[in-house]
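Below: the structure, in structure tokens.
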Amino acid sequence: MSAPLLRVENVGKRFGGFIALEGINLDVANGERLGLIGPNGSGKSTLVNCLCGTLRNEIGRVSFEGRALDGLPAHQRTRLGMARSFQLPRPFTSLSVAENLRVPLLYTVKARSGITHAGADLDARCHDLLALVGLESKATKRPRDLTQVEMRKLELARAMASDPKLLIADEAMAGLSQSEVNDIVALLIRMNERGVTIVLIEHIMSAVMSFSQRLVVLVSGRKIADGKPDDVIRDAEVERAYLGQ
Amino acid sequence: MRTPVFIVASLIVAAVVYGLARLAGNDYVFFAGYVILQFVVLATAWNILGGYCGYVNFGSAAFFALGAYTTVALVKLPNLAAKYLPEGLASVIAAAVPPPIPVLMLAGGVIAGLVGLGTGYLTLRLRGVFFAIATLALAVVLQTLIVNWDYVGGSRGAYVIRPQVHALTGINYVEYLFVMMLLLSVTALTVARAIERSQLGYGFATIRDDELAAEASGVPTLRLKLVATTISGALMGMAGAPFPYYIGYLEPASAFGLAYAVNSIAMPMIGGTTSWVGPLLGALLLGTLQQIATVTISSAVSLLLVGLLLVAFVVIAPNGLLGLFDKLRQRIGAARASGGNARTGAA
Ligand SMILES: Nc1ncnc2c1ncn2[C@@H]1O[C@H](COP(=O)(O)OP(=O)(O)OP(=O)(O)O)[C@@H](O)[C@H]1O
Ligand SMILES: [Mg+2]
Numbered sequence: 368m369s370a371p372l373l374r375v376e377n378v379g380k381r382f383g384g385f386i387a388l389e390g391i392n393l394d395v396a397n398g399e400r401l402g403l404i405g406p407n408g409s410g411k412s413t414l415v416n417c418l419c420g421t422l423r424n425e426i427g428r429v430s431f432e433g434r435a436l437d438g439l440p441a442h443q444r445t446r447l448g449m450a451r452s453f454q455l456p457r458p459f460t461s462l463s464v465a466e467n468l469r470v471p472l473l474y475t476v477k478a479r480s481g482i483t484h485a486g487a488d489l490d491a492r493c494h495d496l497l498a499l500v501g502l503e504s505k506a507t508k509r510p511r512d513l514t515q516v517e518m519r520k521l522e523l524a525r526a527m528a529s530d531p532k533l534l535i536a537d538e539a540m541a542g543l544s545q546s547e548v549n550d551i552v553a554l555l556i557r558m559n560e561r562g563v564t565i566v567l568i569e570h571i572m573s574a575v576m577s578f579s580q581r582l583v584v585l586v587s588g589r590k591i592a593d594g595k596p597d598d599v600i601r602d603a604e605v606e607r608a609y610l611g612q
Numbered sequence: 018m019r020t021p022v023f024i025v026a027s028l029i030v031a032a033v034v035y036g037l038a039r040l041a042g043n044d045y046v047f048f049a050g051y052v053i054l055q056f057v058v059l060a061t062a063w064n065i066l067g068g069y070c071g072y073v074n075f076g077s078a079a080f081f082a083l084g085a086y087t088t089v090a091l092v093k094l095p096n097l098a099a100k101y102l103p104e105g106l107a108s109v110i111a112a113a114v115p116p117p118i119p120v121l122m123l124a125g126g127v128i129a130g131l132v133g134l135g136t137g138y139l140t141l142r143l144r145g146v147f148f149a150i151a152t153l154a155l156a157v158v159l160q161t162l163i164v165n166w167d168y169v170g171g172s173r174g175a176y177v178i179r180p181q182v183h184a185l186t187g188i189n190y191v192e193y194l195f196v197m198m199l200l201l202s203v204t205a206l207t208v209a210r211a212i213e214r215s216q217l218g219y220g221f222a223t224i225r226d227d228e229l230a231a232e233a234s235g236v237p238t239l240r241l242k243l244v245a246t247t248i249s250g251a252l253m254g255m256a257g258a259p260f261p262y263y264i265g266y267l268e269p270a271s272a273f274g275l276a277y278a279v280n281s282i283a284m285p286m287i288g289g290t291t292s293w294v295g296p297l298l299g300a301l302l303l304g305t306l307q308q309i310a311t312v313t314i315s316s317a318v319s320l321l322l323v324g325l326l327l328v329a330f331v332v333i334a335p336n337g338l339l340g341l342f343d344k345l346r347q348r349i350g351a352a353r354a355s356g357g358n359a360r361t362g363a364a
């Protein structure tokens with residue numbers, strides 16, 4: 368067995384007296400497609416924030432490629448190869464859509480490789496990414512001119528632009544039409560086939576089930592199930608957690 | 018335009034400005050022009066942190082004063098040396114003082130840049146209003162320190178004797194100071210413009226827009242913030258360095274004057290904060306207006322004018338003159354497009 372790409376050990380997070388995460392253990396293998404589900408407020412986004420350094424978890428440890436990430440700032444985790452999209456898109460509002468993608472290209476891909484990409488090369492990569500999510504025609508637009516759906520696509524494209532080893536997509540598909548959901552799932556699977564490990568957080572069950580090779584369920588800040596999607600979905604506790612809502 | 022081309026172009030513009038000022042044949046032009054150029058530098062420096070990164074600095078006067086007081090400290094060095102150092106060493110220092118204005122600018126820039134770095138470090142995790150308050154507090158603390166520092170004159174202030182003419186060139190000293198400030202303006206504008214077009218400029222913009230998203234995209238936000246506070250502080254200090262020579266008698270109240278803090282915020286806001294052109298426009302416009310108001314009415318009224326204009330712009334044109342121009346251009350573009358359609362429709 369090779370070491371996992373991402374290892375989460377006993378991670379806990381509190382907001383004041385409120386326990387948002389408790390005793391989370393999770394290994395994500397290299398090349399895996401993992402689905403992460405749970406009711407609203409169960410701590411999924413909080414877990415992503417702790418993994419990516421947006422929040423500090425007081426308890427537990429996160430390691431990436433065998434390296435402990437304790438206290439490492441978010442931008443360094445991104446440079447190591449972890450990328451995330453935000454649940455509520457957070458575009459750079461004063462930059463154009465293409466420039467939004469330039470930021471991770473400049474600050475992650477370029478910083479990581481040490482290669483000074485020629486401007487034309489960066490432009491080409493921007494264009495490829497925009498084509499990938501179907502935003503080519505919006506390249507010069509400002510984020511405020513995008514629809515909610517386009518904003519989500521931009522958010523996902525920006526995470527992809529950092530050329531990650533691990534991509535965590537936090538509800539990238541909310542509000543998308545069925546065919547758009549299918550497109551994004553197909554896109555994520557294609558990325559995965561190129562070697563990117565992907566964690567997908569999603570409420571749309573059809574997307575989760577068609578995407579995931581493994582499914583993890585969070586309820587009230589605890590992991591209550593972890594296994595093959597079909598088995599997990601039949602799990603009595605999971606059913607209770609969802610139907611009990 | 019590439020940076021070297023820009024430098025050459027702006028040096029030509031500076032030469033023309035200097036030539037026109039000479040043609041006026043009146044020293045007052047240099048006196049007034051110096052103040053306006055000083056504001057060009059201050060506004061440009063403020064905008065690097067305030068406009069590009071979105072961190073509002075209320076303490077511009079402190080950085081300006083640091084530059085001015087670095088000069089006072091250096092100019093008074095021979096007194097100190099005569100008291101504490103052996104005669105030989107003291108005479109060497111006496112011979113080297115006062116250093117030429119460019120050296121004083123560098124020294125003031127280094128000191129103010131270091132304080133900028135320190136300020137950035139202490140306020141790394143402060144945002145918005147809290148950062149602004151911290152910079153205000155810094156100004157108060159520094160002013161208190163200076164007021165109680167006898168060596169640089171304390172609350173009494175310090176005299177710095179301005180020579181009649183600049184020895185090397187033989188021109189009137191105020192004219193020489195004007196030229197120095199003109200060159201510093203070119204430097205500041207070049208730095209600001211180069212930042213805007215570089216990777217650093219993208220980084221600063223992401224800090225202004227969304228720091229969490231910036232970090233997630235690999236931008237080292239804390240480090241970039243330090244870069245911004247250092248560059249911005251250093252340029253403000255450089256602007257302050259020649260000031261003791263200009264004014265002749267420097268007291269804390271004038272070095273830490275309200276006019277510096279207010280103007281260095283108002284000028285970029287009125288000109289537009291997104292590009293180096295904004296602070297330049299704002300400083301030229303407001304600086305000239307104030308010079309006129311100071312002469313014709315009073316300096317208190319001229320500051321009032323700035324306040325009123327700032328309020329007006331914040332309400333009517335929050336993106337400054339540049340924003341107004343943009344809107345105008347879009348309107349004209351739209352009008353042209355619809356005009357064109359109407360014509361094709363008719364045909
Ligand atoms: N910064 C914060 N301060 C205080 N409480 C927070 C903070 N962030 C999240 N919480 C709380 O932590 C809990 C978990 O929130 P989180 O956003 O992680 O849930 P989630 O599983 O992502 O939910 P959703 O499916 O709605 O996105 C919620 O009760 C939320 O109110
Ligand atoms: Mg969430």
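Line by line, the protein sequences are chains A and B.
Residue numbering for the first sequence follows my numbering, starting at 368 and increasing by one per position.
Residue numbering for the second sequence follows my numbering, starting at 18 and increasing by one per position.
Glycine is no exception: its CB is placed at the ideal position from the N, C-alpha and C atoms.
Per-residue DSSP class, three states only, for residue i
i: A/Ser452; result: strand
i: A/Lys595; result: coil
i: A/Leu555; result: helix
i: A/Asn549; result: helix
i: A/Asn424; result: coil
i: A/Asp537; result: strand
i: A/Val605; result: helix
i: A/Thr564; result: strand
i: A/Ala370; result: coil
i: A/Ile386; result: strand
i: A/Ser529; result: coil
i: A/Ser480; result: helix
i: A/Lys367; result: Because chain A is modelled from 368 through 612, residue 367 of chain A falls outside the range shown and cannot be assessed.
i: A/Lys508; result: coil
i: A/Arg434; result: strand
i: A/Arg589; result: strand
i: A/Leu513; result: coil
i: A/Arg446; result: helix
i: B/Asn280; result: helix
i: A/Leu502; result: coil
Contact list for residue i against chain B, beta-carbon separation under 8 Å
i: A/Thr460; result: Asp226 and Asp227
i: A/Pro440; result: Glu232, Pro237 and Leu239
i: A/Ser316; result: In the structure as shown, chain A starts at 368 and stops at 612, and residue 316 of chain A therefore has no counterpart that could be examined.
i: A/Ala536; result: Per Cβ cutoff of 8 Å: no residues; A/Ala536 is ~13 Å from chain B at best.
beta-carbon residue i near ligand 1 non-hydrogen atom, thresh 7 Å
i: A/Ala536; result: no
i: B/Gln55; result: no
i: A/Gly420; result: no
i: A/Phe385; result: yes
i: A/Asn407; result: yes
Rounded Cβ spacing between residue i and residue j (contact assumed at less than 8 Å)
i: B/Gly254; j: B/Gly130; result: 7 Å
i: B/Gly337; j: B/Gly304; result: About 15 Å separates the two Cβ atoms, so there is no contact after all.
i: B/Ala98; j: B/Ala107; result: 4 Å
i: B/Val57; j: B/Leu306; result: Their Cβ separation, rounded to whole angstroms, is 14 Å, which puts B/Val57 and B/Leu306 out of contact at 8 Å.
i: A/Ser412; j: A/Asp602; result: About 23 Å separates the two Cβ atoms, so there is no contact after all.
Check: residue i C-beta below 7 Å from any heavy atom of ligand 2
i: A/Ser452; result: no
i: A/Ser587; result: no
i: A/Lys380; result: no
i: A/Lys590; result: no
i: A/Ser412; result: yes
Partner residues on chain A for residue i, Cβ-Cβ distance less than 7 Å
i: B/Gln216; result: Leu473
Within chain B, partners of residue i - CB distance below 7 Å
i: A/Gly470; result: Note that residue 470 of chain A is Val in the sequence shown, not Gly. Those within 7 Å of A/Val470 in chain B are Tyr219, Thr223, Ser234 and Val236.
Within chain A, the residues that residue i reaches when beta carbons sit closer than 8 Å
i: B/Ala256; result: In chain order: nothing, as chain A lies at least about 27 Å away.
Partner residues on chain B for residue i, Cβ-Cβ distance less than 9 Å
i: A/Glu466; result: Tyr219 and Ala222
i: A/Cys419; result: Glu232 and Ala233
Partner residues on chain A for residue i, Cβ-Cβ distance less than 9 Å
i: B/Ala276; result: Chain A residues near B/Ala276: none, gap ~30 Å exceeds 9 Å.
i: B/Ala156; result: Here the premise fails: no neighbours, minimum Cβ distance about 29 Å.
Checklist entry - Enumerated in chain order, which unbroken segments of the beta strand (DSSP E) with a length of 3 residues or greater are wholly contained in the stretch 203-265 of chain B? => result none
Checklist entry - Unbroken alpha helix (DSSP H) runs of length 4 or more, entirely within the stretch 57-105 of chain B: which are they? => result 77-92 and 94-101
Checklist entry - Can you give, in chain order, each stretch of the alpha helix (DSSP H) that sits fully within the stretch 165-196 of chain B and has at least 4 residues? => result none
Checklist entry - What alpha helix (DSSP H) runs, 4 residues minimum, are completely inside the stretch 292-363 of chain B? => result 294-313, 316-333 and 337-363
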